[in-house]
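What follows is a single structure, written as structure tokens, with notes after it.
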Amino acid sequence: MFREDTIVAISTPPGEGAIGIVRMSGELSMQIANKIFRQKKDRDITINDHRKMLYGHIYKNESVVDEVLLVPMFSPATYTREDLVEIHCHGGMVPLTEIVKLILENGASMAEPGEFTKRAFLNGRLDLAQAESVMDLIQAKTPQGFEVAYNQLEGHLSGKVDAVRAELLSAMAQLEVCIDYPEEDIEEMTYSEMTDRFKAAEKSVSALLENSETGRILRDGLSTVIVGKPNVGKSSLLNALLRESRAIVTDIPGTTRDVIEETLNVRGVPVKLVDTAGIRETEDLVEKLGVERSKAFFNRADLVVFVLNAAEALSPEDEDIMKYLKDRRAIVLLNKSDLDPVLDEMTLRDRLGNEIPVIRTSLIQEEGIQELEDEIAKMVYGGQMSLAERSVVTNLRHQDALRRAAKSLGDALGSCKEGMPYDFLQVDVRNAYDALGEITGETVENDLITKIFSQFCLGK
Ligand SMILES: Nc1nc2c(ncn2[C@@H]2O[C@H](COP(=O)(O)OP(=O)(O)OP(=O)(O)O)[C@@H](O)[C@H]2O)c(=O)[nH]1
Ligand SMILES: [Mg+2]
294 MFREDTIVAI STPPGEGAIG IVRMSGELSM QIANKIFRQK KDRDITINDH
344 RKMLYGHIYK NESVVDEVLL VPMFSPATYT REDLVEIHCH GGMVPLTEIV
394 KLILENGASM AEPGEFTKRA FLNGRLDLAQ AESVMDLIQA KTPQGFEVAY
444 NQLEGHLSGK VDAVRAELLS AMAQLEVCID YPEEDIEEMT YSEMTDRFKA
494 AEKSVSALLE NSETGRILRD GLSTVIVGKP NVGKSSLLNA LLRESRAIVT
544 DIPGTTRDVI EETLNVRGVP VKLVDTAGIR ETEDLVEKLG VERSKAFFNR
594 ADLVVFVLNA AEALSPEDED IMKYLKDRRA IVLLNKSDLD PVLDEMTLRD
644 RLGNEIPVIR TSLIQEEGIQ ELEDEIAKMV YGGQMSLAER SVVTNLRHQD
694 ALRRAAKSLG DALGSCKEGM PYDFLQVDVR NAYDALGEIT GETVENDLIT
744 KIFSQFCLGK
């Protein structure tokens, strides 16, 4: 799985820019750099140039390819822990690809997506959770999402996971001794001590799981769907939240016929907002297809914003939708509250129960939008969650591993209670230990590692 060769890739995004960067890593890096790069007095790159920017030109035989700045970095103080060279050239596809070609001709091979970071992981510079956070940093959609990923890169999550693993390892060692040298009189003590230790571990794991839903949303975004009957103001809401006229708004019911998707930042939460066709029975084929799609989005969303017209009585369609809101994360908007009210909150409470917040809005007068944003932030941050809590789990893979660890610890506690043989405890603790190890990459299959890094972008 590990290639020893020297790899090269363009590390800046495709397209035109002021500068572009080619990066190369591996044993041949300095040799290749010395061959294709010439400084003023044409001296070779030495260890004294470590992390310095050198001015010069890239040459192919005797002709200049581009004027560049080159940064040599010597192993092991580099991102990959191998010799690494960055070449900052003009940011066009021609110089970038010419330089890559030249490096390939001199003995390097093309990097796979994520291979630089994969090498950083395999060479022990980053653990798996840290390596994954690199991708999250790049893809973060809000400053808060970035902060959470950055803390993960710094190793806050790994530190907590490692602490629990160390604790479990020591419990396993103790159990081992008890299995090898059974002494009846200390048995009682062992069970009670193990119970304490497992409980402490379980508590740490639960604490990590607790705000993992917030973490996931900060990383992947909160998928939010706006639903309601035609003409209640769904597209007006999308426009108001975006603060621009993105969707067409008219007084004709059935204006929006397809779904419109936009991403916005609500108090640091990346919200993936979907405006849909109003849900109603219709014979119009196009509108019918739109309504079908609305329903599909409704089923998949993390959050449903249900818009009602306060100046109209509830229709059978409204009653229908409300039934589906019951066990969902939902917010109800009583829109058009500038008109003479027909619908009141009491009627809604009757149908909805007390869990779902109801907000009065007049989108035409830009009223109630702040309240809606407050409510979304409250839902995501859960009132108390602060990002000062530095180890937030953001990743579904980590969430899954934590859940399995918690389950195994629960099993271990059950076994203690029933006074099961130590071997049984040993198996449960081992399972929890291994599950946690998947997060940092200690106990992870090669296939999974390959899969994780293949999702990275080229040159990262
Ligand atoms: N009086 C009043 N009118 C509003 C308000 N919000 C939206 N409207 C008007 O209601 C009409 C319908 O608004 P849209 O945003 O297009 O409604 P929609 O739910 O997207 O409608 P469809 O796409 O047809 O399902 C427009 O004429 C809006 O100007 C409000 O708060 N008060
Ligand atoms: Mg619309």
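Per my numbering, residue 294 is the first one in the sequence shown, and the count goes up by one each step. We treat Cβ as the ideally placed atom computed from N, Cα and C, and that holds for glycine.
*Excluding five sequence neighbours on each side, which residues of the same chain lie with their C-beta closer than 8 Å to the C-beta of residue 577?*
As a first step, residue 577 is located in the sequence shown; it is residue number 284 there, counting from the start. Hits under 8 Å: 547.
*Cβ pair residue 670, residue 634 closer than 8 Å*: On the sequence shown, residue 670 is found 377 positions in, with the first residue counted as 1. On the sequence shown, residue 634 is found 341 positions in, with the first residue counted as 1. Not a contact, by the Cβ cut-off of 8 Å.
*Have a look at the DSSP bridge pairing and note the partners of residue 657.*
Taking the first residue of the sequence shown as 1, we reach residue 657 at position 364. DSSP lists no partner for residue 657.
_Cα-Cα separation, residue 661 to residue 453_ = By 1-based counting over the sequence shown, the position of residue 661 is 368. By 1-based counting over the sequence shown, the position of residue 453 is 160. Taking the straight line from one Cα to the other gives about 41 Å.
*If we count the other Cβ atoms within 10 Å of its Cβ and call it buried at 16 or more, is residue 344 buried or exposed?*
Taking the first residue of the sequence shown as 1, we reach residue 344 at position 51. Burial call: exposed.
*Look up residue 516 in the DSSP assignment and say whether it is helix, strand or coil.*
Against the sequence shown, residue 516 aligns to sequence position 223. Here DSSP, grouped into helix, strand and coil, assigns residue 516 to strand.
*Residues that residue 316 bridges to, as DSSP identifies them*: Here residue 316 is taken as the residue at index 23 of the sequence shown, counted from 1. In the DSSP output, where bridge partners are listed per residue, residue 316 has 302 and 379.
*Using only the heavy atoms of ligand 2, determine whether one of them is closer than 7 Å to the beta carbon of residue 736.*
Counting from 1 along the sequence shown, the entry for residue 736 is found at position 443. No, Cβ of residue 736 sits at least 7 Å from all heavy atoms of ligand 2.
*Excluding sequence positions up to five away, which residues of its chain have a Cβ less than 6 Å from the Cβ of residue 632?*
Counting from 1 along the sequence shown, the entry for residue 632 is found at position 339. If we look at residue 632 and ignore the five residues flanking it on each side, its Cβ neighbours are 604.
*Indicate the three-state DSSP secondary structure (helix, strand or coil) for residue 678 in the structure shown.*
Indexing the sequence shown from 1 puts residue 678 at position 385. Caution applies to residue 678, whose pLDDT of 48 falls short of 50 and renders its modelled position unreliable; the value that the coordinates give is listed next. Note: residue 678 maps to coil in three-state DSSP.
*From the DSSP output, which residues share a beta bridge with residue 645?*
To locate residue 645, count along the sequence shown from 1; it is residue 352. None; residue 645 has no bridge partner.
*asked:* Let's test the definition: count the other Cβ atoms within 10 Å of the Cβ of residue 424 and tell me whether it reaches 16, buried, or not, exposed.
replied: As a first step, residue 424 is located in the sequence shown; it is residue number 131 there, counting from the start. Residue environment for residue 424: buried (at least 16 other C-beta atoms within 10 angstroms of its C-beta).
*Relative to ligand 2, is the shortest distance from any of its heavy atoms to the C-beta of residue 568 smaller than 7 Å?*
Here residue 568 refers to the residue found at position 275 when the sequence shown is read from its first residue. Checking the Cβ of residue 568 against ligand 2 gives yes.
*How would you write the range of the beta strand (DSSP E) that residue 399 sits in, first residue to last?*
Here residue 399 refers to the residue found at position 106 of the sequence shown. Premise fails: residue 399 is in no beta strand (DSSP E) and is neither H nor E.
*In the region 697-748, which residue ranges form an unbroken alpha helix (DSSP H) of at least 4 residues, counting only runs that do not cross its ends?*
715-733 and 739-747
_Does the beta-carbon of residue 575, which I'm using as the reference point, lie nearer than 7 Å to any heavy atom of ligand 1?_
Stepping through the sequence shown from its first residue, residue 575 is reached at position 282. No, the Cβ of residue 575 stays beyond 7 Å of every heavy atom of ligand 1.
*asked:* Just checking residue 710 against ligand 1 - is the residue's beta carbon closer than 7 Å to any of the ligand's heavy atoms?
replied: The residue you call residue 710 lines up with position 417 of the sequence shown. The beta carbon of residue 710 sits no closer than 7 Å to any heavy atom of ligand 1.
_Against chain C, does residue 569 count as a neighbour if the rule is that its beta carbon must be under 8 Å from one of theirs?_
As a matter of chain content, chain C is missing from the structure shown, which is built from one protein chain.
*What residues match up with residue 628 in a beta bridge as DSSP calls it?*
On the sequence shown, position 335 is the one that residue 628 refers to. In the DSSP output, where bridge partners are listed per residue, residue 628 has 602.
*Kindly identify the DSSP beta-bridge partner or partners of residue 350.*
Position 57 of the sequence shown holds residue 350. 331 and 360, per the DSSP bridge assignment.
*By how many angstroms is the C-alpha of residue 403 removed from the C-alpha of residue 371?*
Indexing the sequence shown from 1 puts residue 371 at position 78. Indexing the sequence shown from 1 puts residue 403 at position 110. Using only the alpha carbons, I get a separation of about 19 Å.
*residue 370 by DSSP, collapsed to three states: which one?*
Taking the first residue of the sequence shown as 1, we reach residue 370 at position 77. The answer is coil: DSSP assigns residue 370 none of H, G, I, E or B.
*Would you report the Cα separation of residue 678 and residue 482, rounded to the nearest angstrom?*
Reading the sequence shown from its first residue, position 385 is the one you call residue 678. Reading the sequence shown from its first residue, position 189 is the one you call residue 482. Note that residue 678 scores 48 on pLDDT, short of 50, meaning its location in the model is unreliable and no value can be drawn from it.
*Given that a residue counts as buried once 16 or more other Cβ atoms are within 10 Å of its Cβ, and exposed if not, what is residue 512?*
Along the sequence shown, one-based indexing puts residue 512 at 219. By the neighbour-count rule (16 or more Cβ atoms within 10 Å), residue 512 is buried.
*Buried or exposed (CB count within 10 angstroms, at least 16 for buried), residue 387*: Indexing the sequence shown from 1 puts residue 387 at position 94. In the assembly as shown, residue 387 is an exposed residue. Its beta-carbon has fewer than 16 other beta-carbons within 10 Å.
*Going by C-alpha distance, which of 303, 326 and 569 is nearest residue 312?*
Translated into positions along the sequence shown, residue 312 becomes position 19. Checked all of 303, 326 and 569; the closest Cα to residue 312 is 303.
*asked:* Could you pull the DSSP bridge partners for residue 504 from this structure?
replied: One-based indexing of the sequence shown puts residue 504 at position 211. Note: residue 504 sits in no beta bridge, so no partner.
*How many Å lie between residue 588 and residue 506 at the Cα?*
The residue given as residue 588 occupies position 295 in the sequence shown. The residue given as residue 506 occupies position 213 in the sequence shown. Their backbone Cα atoms lie some 24 Å apart in a straight line.
*Residues that DSSP places opposite residue 555 in a beta bridge*: Indexing the sequence shown from 1 puts residue 555 at position 262. 566.
*Which residues in the same chain as residue 611 place their Cβ atom closer than 7 Å to its Cβ, once the five residues preceding and following it in sequence are excluded?*
Residue numbering aside, residue 611 sits at position 318 when the sequence shown is read from its first letter. 522 and 601, listed in sequence order.
*Starting from the Cα of residue 320, find the closest Cα among 297, 338 and 307 and give me that residue.*
By one-based count along the sequence shown, residue 320 stands at place 27. For the residues 297, 338 and 307, the minimum Cα distance to residue 320 belongs to 297.
*asked:* Could you check whether the Cβ of residue 549 sits closer than 7 Å to any heavy atom belonging to ligand 2?
replied: The sequence position of residue 549 within the sequence shown is 256, counting from 1. Distances between the C-beta of residue 549 and the heavy atoms of ligand 2 include at least one below 7 Å.
*Extent of the continuous alpha helix (DSSP H) run through residue 582*: Here residue 582 is taken as the residue at index 289 of the sequence shown, counted from 1. DSSP places residue 582 in the uninterrupted alpha helix (DSSP H) bounded by 578-593.
_Same chain, Cβ closer than 6 Å to residue 375, neighbours up to 5 away in sequence not counted_ = For the purposes of this step, residue 375 is taken as residue 82 along the sequence shown, with counting starting at 1. Taken in chain order, the residues that qualify are 318, 319 and 368.
*Report the option in 647, 737 and 554 whose CA atom is closest to the CA atom of residue 516.*
What you label residue 516 is simply residue 223 of the sequence shown in a count that begins at 1. The shortest C-alpha separation from residue 516 is found at 554.
*Tell me, please, which residues DSSP counts as bridged to residue 365.*
As a working mapping, residue 365 is identified with position 72 in the sequence shown. Paired residues: 378.
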